[in-house]
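Trainee: There's a structure below that I have some questions on.
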Amino acid sequence: MAIIAVHSYNSLIKDITLNTLNSLYLHKYQITIQPEEPITLPAYKGSALRGVFGHSLRKTICVQKDTDCRECLLRLKCVYSYIFETPIPEDDPFCRKYSSALHPYIITPPITTKRYFKEDEQLHFEVVLIGKANDYLPYFVYTFIEMGKMGIGKDRGRFKLINVSAHQDDGSSIEIFNSSDNILKVSQHKIDSEILSPIFNESKSGQTHRSAPTLTLVFDTPVRIKDEGDLAAELPFNLLIKRLYDRAVLLSHYHCQGEMENGDKFLDGVSEVRIKDSRLRWYDWERYSSRKGRMKLGGLMGSISYEGNLDKFLPLLKIGEYIHVGKAVTFGLGRYRVT
């Protein structure tokens with residue numbers, strides 16, 4: 467696989483009034499694959515994609531396959547360790563507070579309950595790479611190719627990686643890899659171009675007043691948020707924003723060299739926003755982990771509307787459309803849309 471340099475898309479998030487989040491940037495990619503033989507997948511495909519991806523990446527990268535990553539001398543310099551284990555450097559001032567950093571990637575599966583795919587049917591899924599993880603895009607693409615040879619699903623159906631496209635700030639996409647020429651086009655520098663530029667420009671000019679003081683979040687995949695140790699059965703606005711803020715700040719700090727800061731000032735007034743209408747429902751699903759066996763990972767799906775002074779929180783909520791919120795986001799959970 468040859469690699470050449472072009473100006474691929476980079477979303478650099480600015481002007482959110484939080485210095486930490488000014489450093490947060492990401493790339494969003496669409497992956498297209500085509501079965502070479504029938505493939506059977508579960509109704510929710512995120513876990514299957516992530517599982518095979520992890521296995522294939524470690525098989526490709528690891529030079530000490532019988533060693534636990536936490537005990538490996540290479541853990542702080544290893545691509546697999548950085549992506550999947552994400553250790554915190556021992557000199558980090560917060561290393562005692564967190565056992566590991568948030569992983570710098572999200573794999574969002576096709577949003578369909580269809581389970582059976584024939585040779586002539588293409589599948590599309592999305593990958594978000596945050597900060598430094600974008601430097602390892604060639605490893606991701608190569609791993610997707612190897613995943614196809616390994617197979618996926620119930621009978622390990624094989625597939626071929628067709629192409630990879632990078633999301634652009636105007637909603638379009640640019641192809642950066644095609645299997646026909648086996649060339650990967652990789653950006654060598656950041657482009658100061660924002661997915662969220664209309665929102666941030668309005669926020670900066672003070673023109674974020676909405677015609678109605680309400681907004682609705684639609685969760686396309688189950689969201690799992692814990693409150694005092696238990697999974698939340700409802701999503702009060704203050705709980706949602708605090709978890710989303712923490713996630714954004716930690717991603718910025720550990721993967722984009724952002725500074726940690728106290729969010730009390732930003733979170734002031736969050737408790738005044740109330741639930742106007744909730745149509746969330748609990749969705750149960752089960753995944754298999756080679757480490758932990760069968761696991762139940764239910765979460766809330768559907769829509770929820772809030773009312774109150776929402777303007778200051780809108781940029782963070784728009785960021786959340788890309789970084790997701792809650793637990794198990796690496797295989798696509800916690801994805802929502804702001805409407």
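The opening residue of the sequence shown carries number 467 in the numbering used here; numbering runs sequentially from there.
Here a beta-carbon is modelled for each residue, glycine too, at the ideal position from N, C-alpha and C.
Predicted model, so just to flag it, every value in this text is computed and none were measured.
1) Taking the beta carbon of S565 as the centre, do at least 16 other beta carbons fall within 10 Å, making it buried, or is it exposed?
2) Can you look up P688 in the DSSP assignment and give me helix, strand or coil?
3) Mind pulling the beta strand (DSSP E) runs of 3 or more residues that sit fully within the segment 712-782?
4) Could you check which residue in R760, G798, V630, R713 has the C-alpha nearest to that of M767?
5) Mind reading off the beta-carbon distance from T609 to F519? Whole number of angstroms is fine, and I expect it under 8 Å.
6) Which value, in whole angstroms, describes the spacing of the CA atoms of L490 and I596?
7) Does the structure place the segment 530-542 close enough to the segment 624-635 that three or more beta carbon pairs sit under 8 Å?
8) Decide if the segment 614-626 is in contact with the segment 724-741; the criterion is three or more beta carbon pairs, one per stretch, under 8 Å apart.
9) Between G764 and D743, which are expected to be in contact by the criterion C-beta below 8 Å, what is the C-beta distance as a whole number of angstroms?
10) Could you tell me if Y510 is buried or exposed, where buried requires 16 or more neighbouring beta carbons within 10 angstroms of its beta carbon?
11) Report the partner residues of T498 according to the DSSP bridge assignment.
12) Check the DSSP bridge columns for S489 and list the partner residues they point to.
13) For Y802, which three-state DSSP category applies?
14) When DSSP builds the beta bridges, which residues end up paired with E641?
15) Please specify which runs of the alpha helix (DSSP H), each continuous and at least 4 residues long, are wholly inside the segment 508-544, giving them in chain order.
16) For the structure I just gave you, are there three or more beta carbon pairs, one from the segment 698-709 and one from the segment 526-533, closer than 8 Å?
17) Among the residues of its own chain, which have a CB less than 6 Å from the CB of D586, if the five just before and after it don't count?
18) Mind checking which residues open and close the alpha helix (DSSP H) that includes Y605?
19) Is the Cβ-Cβ distance between R624 and E502 less than 8 Å?
20) Let me confirm a value: I785 is counted as buried when at least 16 other C-beta atoms fall within 10 Å, else exposed. Which label applies?
21) Using DSSP's beta-bridge definition, name the partner residues of G597.
22) Classify E592 as buried or exposed, calling it buried when 16 or more other Cβ atoms lie within 10 Å of its own Cβ.
23) For the beta strand (DSSP E) containing T579, name the first residue and the last one.
24) How should I572 be labelled, buried or exposed, when 16 other C-beta atoms within 10 angstroms of its C-beta is the threshold for buried?
25) Residues in its own chain within less than 6 Å of S522 by CB, not counting five upstream and five downstream?
26) Could you tell me whether the Cβ atoms of T796 and R541 are closer together than 8 Å?
27) Based on the DSSP secondary-structure assignment, which residues constitute the bridge partners of D696?
28) If you reduce the DSSP assignment to three classes, tell me which class L683 lands in.
29) Would you call S638 buried or exposed, if buried means 16 or more other Cβ atoms sit within 10 Å of its Cβ?
30) For T498, which residues of its own chain have a beta-carbon under 6 Å away from its beta-carbon, when the five flanking residues on both sides are left out?
31) Alpha carbon to alpha carbon, how far is D601 from C722?
Mentor: With the given structure in hand:
1) Looking up residue 565 in the sequence shown gives position 99. The residue in question, S565, is exposed, as its Cβ has fewer than 16 Cβ neighbours within 10 Å.
2) Residue mapping note: residue 688 aligns to position 222 of the sequence shown, counting from 1. Three-state result, P688: strand.
3) 740-749, 752-755, 759-762, 765-773
4) Locating residue 767 in the sequence shown gives position 301, where the first residue counts as 1. Minimum Cα distance to M767 is reached at G798.
5) Here the question's residue 609 lines up with position 143 in the sequence shown. Here the question's residue 519 lines up with position 53 in the sequence shown. With 8 Å as the limit, T609 and F519 qualify as a contact, their Cβ atoms being about 6 Å apart.
6) As a working note, residue 490 is residue 24 in the sequence shown. As a working note, residue 596 is residue 130 in the sequence shown. Using only the alpha carbons, I get a separation of about 8 Å.
7) no
8) no
9) Here residue 764 is taken as the residue at index 298 of the sequence shown, counted from 1. Here residue 743 is taken as the residue at index 277 of the sequence shown, counted from 1. In fact, because the Cβ distance is near 22 Å, the residues do not count as touching under 8 Å.
10) As a first step, residue 510 is located in the sequence shown; it is residue number 44 there, counting from the start. Burial call: buried.
11) What you label residue 498 is simply residue 32 of the sequence shown in a count that begins at 1. Note: T498 sits in a beta bridge opposite H590, N629.
12) The residue you call residue 489 lines up with position 23 of the sequence shown. Answer is none; S489 lacks a bridge partner.
13) As a working mapping, residue 802 is identified with position 336 in the sequence shown. Looking at Y802 - three-state DSSP - the assignment turns out to be strand.
14) Counted from its first residue, the sequence shown places residue 641 at position 175. In the DSSP output, where bridge partners are listed per residue, E641 has S631.
15) 512-527
16) no
17) Residue mapping note: residue 586 aligns to position 120 of the sequence shown, counting from 1. Within the same chain, D586 has no close Cβ partners at all.
18) Residue numbering aside, residue 605 sits at position 139 when the sequence shown is read from its first letter. 603-616 is the extent of the alpha helix (DSSP H) around Y605.
19) In the sequence shown, residue 624 corresponds to position 158, counting from 1. In the sequence shown, residue 502 corresponds to position 36, counting from 1. Result yes, Cβ atoms of R624 and E502 sit closer than 8 Å.
20) Walking along the sequence shown from the start, residue 785 turns up at place 319. By the 10 Å Cβ count, I785 comes out buried.
21) The count along the sequence shown starts at 1 and reaches residue 597 at position 131. DSSP output for G597 lists no bridge partner at all.
22) Locating residue 592 in the sequence shown gives position 126, where the first residue counts as 1. By the neighbour-count rule (16 or more Cβ atoms within 10 Å), E592 is buried.
23) Within the sequence shown, numbered from 1, the residue matching residue 579 stands at position 113. Per DSSP, T579 belongs to no beta strand (DSSP E) and is neither H nor E.
24) As a working mapping, residue 572 is identified with position 106 in the sequence shown. Buried, by the Cβ-count rule.
25) Locating residue 522 in the sequence shown gives position 56, where the first residue counts as 1. Only T609, E612, M613, M616 meet the Cβ criterion.
26) Position 330 of the sequence shown, counted from the start, is the residue given in the question as residue 796. Position 75 of the sequence shown, counted from the start, is the residue given in the question as residue 541. Result no, Cβ atoms of T796 and R541 do not sit closer than 8 Å.
27) Reading the sequence shown from its first residue, position 230 is the one you call residue 696. Partner(s): D693.
28) Your numbering for residue 683 matches position 217 in the sequence shown. Looking at L683 - three-state DSSP - the assignment turns out to be strand.
29) Along the sequence shown, one-based indexing puts residue 638 at 172. Classification of S638: exposed, given that the 10 Å Cβ count is below 16.
30) Here residue 498 refers to the residue found at position 32 when the sequence shown is read from its first residue. Here the set comprises Q588, H590, I628, N629.
31) Position 135 of the sequence shown holds residue 601. Position 256 of the sequence shown holds residue 722. D601 and C722: Cα-Cα distance of roughly 12 Å.
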